[in-house]
Every structure is written in C-alpha cells, then in structure tokens.
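Student: Just so you know, we're using full-length UniProt numbering here: the sequence shown kicks off at 1 and counts up by one. Before we start, here is the structure in question, set down as structure tokens.
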Amino acid sequence: MPGSNVVIVESPAKAKTINKYLGDDYTVIASFGHVRDLPARDGSVRPDEDFAMEWELGDRSKRHIDEIAKAVKSADRVYLATDPDREGEAIAWHLSELLREKHLTDNRDVQRITFNEITKSAVQAAIANPRDVSRELVDAYLARRALDYLVGFTLSPVLWRKLPGSKSAGRVQSVALRLICERESEIEVFKPQEYWSIAVGFTTPAGAGFTASLTQLDGKRLDKFGLPNREAAEAAVAKILPQSFAVSSVERKQSRRNPSPPFTTSTLQQEASRKLGFGATRTMRTAQKLYEGVDIGGETVGLITYMRTDGVSLSQEAIDGARSLIGSQYGERYVPAQPRVYKTAAKNAQEAHEAIRPTDLQRRPDSVAGYLESDELRLYELIWKRTLASQMESAVLDQVAVDIANPSKDVVLRATGSIVVFDGFLKVYQEDRDDAAEDDQQERRLPAMDQGDALARGDIAQDQHFTQPPPRYSEASLVKKLEELGIGRPSTYASILQVLQDRNYVRLDKRRFIPEDRGRLVTAFLENFFHRYVEYNFTAELENQLDEISDGKIDWKTVLRDFWTAFDVAVNGTKDLTITQVLTTLDNELGAHFFPAATADGHDPRVCPVCREGRLGLKLGKMGAFIGCSRYPECRYTRPLAVANDENGEAQEGPRELGNDPETGLPVTVRRGPYGAYIQLGPAPTVAAPPEEPAVEEPAADGKKPKAKKKKKDEAPKPKRVSLPKGMAAADVDLDTALKLLALPRTIGNHPETGEEISAGIGRFGPYLKHGSVYKSLTPDDDVLTIGINRAVDLLAGAAKKASAPAKTLGDHPKTGKPITMGSGRFGPYVKHASVYASIPKGTEPDSVTLEQALELIDAKVAKDAAKKGKAPKDAEPAKAEGAEAEKPAKAKAAAKKPAAKKATKAKAAKDAPAEAAAPKKKTAKAS
Numbered sequence: 001m002p003g004s005n006v007v008i009v010e011s012p013a014k015a016k017t018i019n020k021y022l023g024d025d026y027t028v029i030a031s032f033g034h035v036r037d038l039p040a041r042d043g044s045v046r047p048d049e050d051f052a053m054e055w056e057l058g059d060r061s062k063r064h065i066d067e068i069a070k071a072v073k074s075a076d077r078v079y080l081a082t083d084p085d086r087e088g089e090a091i092a093w094h095l096s097e098l099l100r101e102k103h104l105t106d107n108r109d110v111q112r113i114t115f116n117e118i119t120k121s122a123v124q125a126a127i128a129n130p131r132d133v134s135r136e137l138v139d140a141y142l143a144r145r146a147l148d149y150l151v152g153f154t155l156s157p158v159l160w161r162k163l164p165g166s167k168s169a170g171r172v173q174s175v176a177l178r179l180i181c182e183r184e185s186e187i188e189v190f191k192p193q194e195y196w197s198i199a200v201g202f203t204t205p206a207g208a209g210f211t212a213s214l215t216q217l218d219g220k221r222l223d224k225f226g227l228p229n230r231e232a233a234e235a236a237v238a239k240i241l242p243q244s245f246a247v248s249s250v251e252r253k254q255s256r257r258n259p260s261p262p263f264t265t266s267t268l269q270q271e272a273s274r275k276l277g278f279g280a281t282r283t284m285r286t287a288q289k290l291y292e293g294v295d296i297g298g299e300t301v302g303l304i305t306y307m308r309t310d311g312v313s314l315s316q317e318a319i320d321g322a323r324s325l326i327g328s329q330y331g332e333r334y335v336p337a338q339p340r341v342y343k344t345a346a347k348n349a350q351e352a353h354e355a356i357r358p359t360d361l362q363r364r365p366d367s368v369a370g371y372l373e374s375d376e377l378r379l380y381e382l383i384w385k386r387t388l389a390s391q392m393e394s395a396v397l398d399q400v401a402v403d404i405a406n407p408s409k410d411v412v413l414r415a416t417g418s419i420v421v422f423d424g425f426l427k428v429y430q431e432d433r434d435d436a437a438e439d440d441q442q443e444r445r446l447p448a449m450d451q452g453d454a455l456a457r458g459d460i461a462q463d464q465h466f467t468q469p470p471p472r473y474s475e476a477s478l479v480k481k482l483e484e485l486g487i488g489r490p491s492t493y494a495s496i497l498q499v500l501q502d503r504n505y506v507r508l509d510k511r512r513f514i515p516e517d518r519g520r521l522v523t524a525f526l527e528n529f530f531h532r533y534v535e536y537n538f539t540a541e542l543e544n545q546l547d548e549i550s551d552g553k554i555d556w557k558t559v560l561r562d563f564w565t566a567f568d569v570a571v572n573g574t575k576d577l578t579i580t581q582v583l584t585t586l587d588n589e590l591g592a593h594f595f596p597a598a599t600a601d602g603h604d605p606r607v608c609p610v611c612r613e614g615r616l617g618l619k620l621g622k623m624g625a626f627i628g629c630s631r632y633p634e635c636r637y638t639r640p641l642a643v644a645n646d647e648n649g650e651a652q653e654g655p656r657e658l659g660n661d662p663e664t665g666l667p668v669t670v671r672r673g674p675y676g677a678y679i680q681l682g683p684a685p686t687v688a689a690p691p692e693e694p695a696v697e698e699p700a701a702d703g704k705k706p707k708a709k710k711k712k713k714d715e716a717p718k719p720k721r722v723s724l725p726k727g728m729a730a731a732d733v734d735l736d737t738a739l740k741l742l743a744l745p746r747t748i749g750n751h752p753e754t755g756e757e758i759s760a761g762i763g764r765f766g767p768y769l770k771h772g773s774v775y776k777s778l779t780p781d782d783d784v785l786t787i788g789i790n791r792a793v794d795l796l797a798g799a800a801k802k803a804s805a806p807a808k809t810l811g812d813h814p815k816t817g818k819p820i821t822m823g824s825g826r827f828g829p830y831v832k833h834a835s836v837y838a839s840i841p842k843g844t845e846p847d848s849v850t851l852e853q854a855l856e857l858i859d860a861k862v863a864k865d866a867a868k869k870g871k872a873p874k875d876a877e878p879a880k881a882e883g884a885e886a887e888k889p890a891k892a893k894a895a896a897k898k899p900a901a902k903k904a905t906k907a908k909a910a911k912d913a914p915a916e917a918a919a920p921k922k923k924t925a926k927a928s
C-alpha cells in the first residue's frame, strides 16, 4: 500500500537510497529519466503556431507513468525530487503536466524539492522546504530544446540533400567540430622553424654541479631564435670555450602559490582526463554513481554532491569540516587564518549550486576503498584531495635566478630554480597543467652561490630544436576551449563529444581529436553556406540569451522568433543550390588537403593515375563523397575520400615498409585489410608456379584411366600478422612499435596473490590481459605495450568480481516453467531463458528490469532470430526458443527447391534472348 506521500526521482538507484532515509509514510518511485520528448519528425516544433511544441512519451515511459499515476492516486502529497539543474527542472515540469492531464493534481499538493547531495539530512531538509516548479528554468529548457530541434531538423536534411553521406548538424555540435577542424588546418600549414640552445655545466667552489643556459652573446640578449642554425650554435660554443666564468648576480624572491578552487563539472572533466585518462563520458558516468549512492558497510550513502554545476563555492558546513580535518591530520600551520571563499569566474554560471565535493570529508578514500570499483575510487580520491586542498594554506617557494658571466660580460648564462620552503596545499594535491614542463624547470634545486664566486666550467651541450605545431585538442583542452568561448554548457559537453565520434566526424587517437574527412566536409559546407550559425560569437551570445531567460530577464519566445526569422531565410537560400555548386565550393576549400602540392619530381596529385588525362576532384554519390576522375564515364577511376601519405608526402596506395626485423632479417610492413590496419612480418605468401610441361599420366594395365592424385599446393608459410590496437594510427607506427606488437603476448609480471603470470596481448576482440584462465579486455585508455602490473591487477580484480557475481533469477517462464535470469557479459547486461540471450537496452538500469520486461525482451529476440532465418514471424514455441530442432515438413523442402528451378528457367531465357534485351544497365560511378 503506497504511503500518503509520493517522492518522484529520476533513477531507481537514487530511489533505493532515498527510500532508506524516509519513513513508511513515503513511497519513492523512479521516472527513469526523461518521460517525454519532442518526436523525431517534422512538425514537433511549429514556428507558424507561435512555436507550439508537441510532446510524446518515450518507448518505455508509458509503463513508468502508469506506475507513478497509480501511486499518486493513493497519496495526499507529491514531491518532484528530480536533479537540481535545468534538465531536472524540465523532468519535474513534464511530470506535473502529465499528472495534470490525468486530473491527478486537482486535490493534491504537487511540489518541487531539490537537494545537492543524497544524504539523510539533505533529503529531510528538502522535504521541509518545498517550492513550485520554476517557470523561468522551464522556459529556458523549452527555448534550448526548441532551438536544438529547429537547427537539427532543419539543417540536417539540407546536409543530406546537398552533401550525401553526412549524418547531422547541431547547434553546439557543429561549432565544436569546427574547432577541431580548424586546429587540424593549422597543423597542416605549420612550417617548423629551426633553433638551437646552448647549455653549459658548472661546478661551484663547494663541488656542487648545475647547468645554465646561454642568454646573452656579444652583449645582446638572445631570444628563442637567437641561434637559428648549427653554424650560429658552433660559433657561440667557440666563444664560450676559452672563457672563465663567475657568478655575476643572484636574485632571490619568495612567492606564494594558492590552491585551485574545488571542482566544477568542466574542471572535473579536464583534470580527470589529465590525471586519470578518463574521457568526459566516463567521468560523468562514474560521478553519477558516486552521487546516487554506494553501499558502505550496509548503509547506502551518496559520496559526492551533485556533479553538474558551474559553482565553486562550498557550504559553511563543508568549509568547517575541511578546516577541522586539515588541522587534525596535517597540523594547524596548514590551516589558513581565514576560510578560502571562491567565486565563479565564468560568466553565465549555471544555477548557484555548490562545487563538487565529498558529502563527508571524514570519509577518506582509504576508508571506502573496499566498497568502490577502481574507477569510482580513483575519481572519489581526486575529488576528496581537490576539496581538501582548496581550504589549505598556500605553498611558499624561494625562487632563485643566477646570472653567470665572463670577465667582459659579453657572454652571459642563466640558471633558474626554486626551493619549496613550505609545501602547504601541495602536501595533498597538485593540479596538472599544460605548462608542467616549465614548472619542472622552475622548481629544480640550485646549489648555494654568492655573487663573485668563481665557477669551473664543464661540458657544453648544443641542442637542435624545431618549433612544434599547436597540439590537437584533447577532451580536456576542448572542454576548456568551449567553456572559454561560452559555447554550450558543461553538463552537455560529454554528450556532444560522443555524438561527434558516433557520427564518424572525428576520432580519438592517443587521446587527441583528429577530424575525419567526412567531418571536414561538413564543416566546410556549413562555413560556406551557414557561416553565421557556426560562428563562435553567435553561438556564445545565444547561450547568454538562454541564461537571461532562466534569470527571467527576457521572454523565451522572443529569442526563438529572432533566431528563426534569420535562420529560415538562410535555409531557404540553399534550396536552389546545385550539387555542382557545392562540389566546386568544397573542392576549392579542401583541395589543398586532399591533393597536396606537386612533388619534387613534378608529379601533379590532381592527375588521374589511370587515364593520365583526367583531373581528380571531389564527387558525391549515394554513399557519400569520394574522389573520382573528371573523364567519367570514359574513366571510372575512384578512390575513397581519405588522405594516405608517406613520409615524403606522396600518395601511398600499398603497404608501407618500416624496415627489417633484426632477428630474422624479414621486412616489417604496415598494411590495410578489410578489418583495418595491421603489421606484417615477412612478404605476402606466394604459390609456386606450375611446371612448364605437366607430366603425362601413363594408362593403367587394364586400360582404365588412372585416378588423378590430389597434389598438395606448394605454398609459402603465412607471415606473422598483428592488428593495430584501436586508437593507434597506421601513419604513427614506427619499426620499434611494430616489433613490440609482433612480439605480443608479453609477460607483465606475476600476480601478487596467486603468483601466476599475467600477460598482455591482442586477440580477436582487441587488446586483453590473461591471468590463468581469466581474460580481461583492456579499456581504450590502457596501452597493451606499456600497461604495468598494478593497473593489470586492478583490471583483473574487477573482472574476477564481475565473474563471481551470480546470475539473478527474475522468475519462471509462464510457458516452460524454466527460470529467466539476468547477468552481464562481454556486450553488457542481458536476460536469459534456456539458450536465448536478449540484451538489456542502453539507458535501462539492469536492477530495475522486471519479469514482464524480461519476457518482452526474450520474445522480441526470438522473433528477430526467426526473421533472420527466413521463418514467418509467428510466436515461437518455447521448445524452439530453447534451440530444439523442429522437423522440416516435406512441403517446405519442396518449396525451397522451387526458386532454383525458376532461376534456371530465367537463365535459359536470357541465353536465348537477343543481345539488345540482355544488355546490362548502365552503372553510375561510386566510391570504391
């Protein structure tokens, strides 16, 4: 019997945790995320009807809404306790609207409650302070949702018609893609510049050694390119060699380094990427588990506060708890005189939530380690340390700069370093930054020196350097850039980056984004024909307007009208755009990328390699863009839309030779096969040629023809091959890496508990670990060539824990009486009945699956398998679902033979037909 109070949350895990905090008078029920959305079809947002919006229930939402309605009917009060952000407010609004449509709000209080952490005190405080659903936040959600729909469902069809093979465009997604493509263009046109540096070793009178760099020569200060080539560097060394040197000046100054603020959504994603190697999606998924609750010794508690926030402030309770813990664990000198108060620097910060912090700092990472998965523990430890450090005393450093000169002071060198006088917050945490190498240089220790000290010169090192192109965006740096530009919001970054990869617009290689050619085409198209809508300032200003809606400063429909008026004109302007015009524009825009400049021998990459007369250019077909010859249909040369260059920049069609294996002397090559790139040791196998004059068989004594002997083919042994791990680009593989891959599997070490060997290799399903009979796939962030014993043990521990988890029985099948169980396998969670396995859909919590849902999934799987085999989609009998072979009726066998006879008749008719009738249809050119 439901309680008189119903609390509606988003997820079953959250419902389970909160249910333990409230009494029997409360029923906590889950909505399973968003309950309704705009249908994925035209007309869901109607600008001509003042932006009327049509909503529909999700595929699996009807059952959840029915359960919620049933609980509400028996209740006096309803609390909408969805997440404390815009999306949570939107779900609360949808729920209240659905309950109103069912006339369930007439005699009941329906109110909104929010809590920033799932703890007993926070939940009870929220129940005591309910409010109404925020109209301003709902309006901001409606405006954002309508904008995304109008851009996606108006612009994407234009892409499909004018640029076949493209999949979609989005308001923020397209701008993020533009950033990645522009960075790649910068890298391609980058010209490295040579420069040299001189480092000299010195020894103090006390015998301590250190190194100094040349900064002044002939009385002139050297900038980065002061020594542009080897000749200049050797001339500088020649001037240094005969000189004696002494300390000309010593500068000392003390500096303070302050801790970073506690985490926001954006900074958590960035730091988890740098320190832990987590992608944005992995970070947010793990943080969600920590927020919703973990079983700690029989008590389910939320370990961190809400993880979608732009705020950097901490509650007074959290500050007091941090200062108390710092004093007791590290000493009073690590506690600053005044609490540190942080303010959000980013403009248009989301609703004023707290920063991401542990719900209780007394729960040290080591005290909860036994209850958490590896990812959960690592992320919790990162959040715990960052929060604690944010309230600690500053670090104090003594920075020293020593100038060393010859007597005439026309040659001056400088050595810099620093000494940590007081470590302060560095005792707990140090943020990873892009200038880490520079920091290491600054923080090296220098020996004691005084002005006038004579120094003994040691070795002189002259090093050649080249300027480097700007680095490709990592997930961390792209998130940081989007935030700096004010584009999108941190809570959406993970999904945006995932969509770009799912659409094959970009790929992640060594944790860096590389645009695919399809992504570059889409970006070039949008920049040329919809430039305004991929401008950074325009997208950022639109975000500002959405924030003003949530603040109640502007009407949401005014924003939509202003946007749609101009956008509709831009879309209509492309209706008469021909494919030829699009191709000409894109060919001009991207020609330098797909067809690099002529080589040293004068070869023009635009000349068709087959007919030697046509000009290669971009073409569009049903399957997307490709490169083809201008003399089509006379010349049918095509190749995929991709750039494959060797070290000299020349187009490479075949295998790329890396060198010879030092042990066998066999060649090592990178090749491309139907399943991707791979490494091969040795040449391709060849079949021996047949003898010039085949032997004549003598007839047998009885005159019968002798039985032909089956000859065994003289084949060379197959060469050794190994696939490239996912994320490793073929162009980046060198001989050393190739030999390491060919040597797999490799031994990592022995397991500290069992003593058995742990090895790493690449198999049919990618890189893996092996420990005895246990196999564990490596994650995309792990490198099969470098993974160490500690990480391997962590991964295997997770695999063993997962393998030992018993299958959960949901109930018995109503027809067969056999059990239906739920488990987890290589491809995710599933339900099983006899020999039928049915995957649980993504987005569905496995623990929430009921027997009825499992039966639906199993029936759907049986029907799908039957359809694949060509059987009628009838309700399968239970025995067939278990894999029992059914007898094939004679009629079915006869029917199976009929098509063959028909085919033979057709073939005969074709043979007897005149040549005109048998002529094949004209084919159109397409990508090979």
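Here a beta-carbon is modelled for each residue, glycine too, at the ideal position from N, C-alpha and C. Keep in mind the model is a prediction, meaning the values are calculated, not measured.
(1) Examine the Cβ distances between the segment 331-340 and the segment 356-370 and report whether three or more of them are shorter than 8 Å.
(2) Using only alpha-carbon positions, find the residue among GLU484, ARG636, PHE626, THR584 that is nearest to THR344.
(3) Out of curiosity, what's the CA-to-CA distance linking ARG221 and GLN468?
(4) Should the segment 470-477 be called in touch with the segment 499-517, which here means at least 3 C-beta pairs below 8 Å?
(5) Applying the 10 Å Cβ sphere with the 16-neighbour rule, what's the burial state of VAL6?
(6) Buried or exposed: PHE202, going by 16 or more other Cβ atoms within 10 Å of its Cβ?
(7) Given 8 Å as the limit, is there contact between the segment 143-156 and the segment 553-561, that is, 3 or more CB pairs closer than that?
(8) Let me check one thing: in DSSP terms, what residues is GLN329 bridge-paired to?
(9) For the segment 398-423, which segments carrying the beta strand (DSSP E) assignment without a break, of at least 3 residues, lie completely within its bounds, in sequence order?
(10) With H, G and I counted as helix, E and B as strand and the rest as coil, what does DSSP make of PHE153?
(11) Mapping the DSSP letters down to three states, classify GLU251 as helix, strand or coil.
(12) Which of helix, strand or coil does DSSP assign to ASP736?
(13) SER273 by DSSP, collapsed to three states: which one?
(14) Hey, is ILE579's beta-carbon within less than 7 Å of any beta-carbon in chain B?
(15) Look up TYR79 in the DSSP assignment and give the residues it is bridged to.
(16) Tell me, which residues are paired with TYR775 by DSSP?
(17) Mind checking ARG41: buried by the 16 CB within 10 Å criterion, or exposed?
(18) Pick helix, strand or coil for ASN258, following the three-state DSSP scheme.
(19) In chain order, what residues of the same chain have a beta carbon less than 6 Å from the beta carbon of ALA436, not counting five sequence neighbours either side?
(20) Relative to the alpha-carbon of ARG63, which residue among ILE29, ARG86, MET53, ASP83 has its alpha-carbon at the smallest distance?
(21) Considering only the beta carbon of each residue, do ARG503 and LYS726 sit closer than 7 Å?
(22) Does the Cβ of MET284 have 16 or more other Cβ atoms within 10 Å, making it buried, or fewer, making it exposed?
(23) For TRP196, is the classification buried or exposed, using 16 other Cβ atoms within 10 angstroms of its Cβ as the cut-off for buried?
(24) Tell me which residue opens and which closes the alpha helix (DSSP H) that PRO490 is part of.
(25) Alpha carbons only, please: which of VAL569, ALA128, GLN288, PRO84 is nearest the one belonging to GLY311?
(26) According to DSSP, is PHE210 helix, strand or coil?
(27) Who are the Cβ neighbours of THR105 in its own chain at under 6 Å, not counting the five residues just before and after it?
(28) In the DSSP assignment, the alpha helix (DSSP H) including ARG561 goes from what residue to what residue?
(29) Assign ARG252 to buried or exposed, taking buried as 16 or more other Cβ atoms, counted over all protein chains shown, within 10 Å of its Cβ.
(30) If you measure between the beta carbons of VAL668 and ALA729, is that distance less than 7 Å?
(31) Where HIS771 and GLU757 are concerned, what is the direct C-alpha to C-alpha distance, given to the nearest angstrom?
(32) Using a threshold of 7 Å, state whether the C-beta atoms of ILE419 and LEU413 are closer than that.
(33) What are the partner residues of VAL607, as DSSP defines its beta bridges?
(34) Taking PRO12 as part of the alpha helix (DSSP H), name the residues at either end of that continuous run.
(35) By Cβ distance, which residues of its chain are closer than 6 Å to LEU658, with the 5 residues on each side in sequence left out?
(36) Express the C-alpha separation of ALA395 and PRO339 in angstroms, rounding to a whole number.
Tutor: So, from the listed chains and residues:
(1) no
(2) GLU484
(3) 23 Å
(4) Remark: three or more beta-carbon pairs, one from each stretch, lie closer than 8 Å, so the segment 470-477 and the segment 499-517 are flagged as touching.
(5) buried
(6) buried
(7) yes
(8) Note: GLN329 sits in no beta bridge, so no partner.
(9) 411-422
(10) helix
(11) The answer is strand: DSSP assigns GLU251 an E or B state.
(12) helix
(13) helix
(14) Judged by its chain identifiers, the structure shown contains no chain B, having just a single protein chain.
(15) VAL7, GLN111
(16) LYS770
(17) exposed
(18) Note: ASN258 maps to coil in three-state DSSP.
(19) With a pLDDT of only 43 at ALA436, under 50, the local geometry of the prediction cannot be trusted, and no value is derived from it.
(20) ILE29
(21) LYS726 is positioned such that its CB atom lies no closer than 7 Å to that of ARG503.
(22) buried
(23) buried
(24) Segment 490-502, the alpha helix (DSSP H) holding PRO490.
(25) PRO84
(26) It is a strand residue.
(27) LEU99
(28) 556-572
(29) exposed
(30) no
(31) When rounded, the distance between both Cα atoms is 6 Å.
(32) no
(33) ARG615
(34) 12-19
(35) VAL668, LEU735, ALA738
(36) 16 Å
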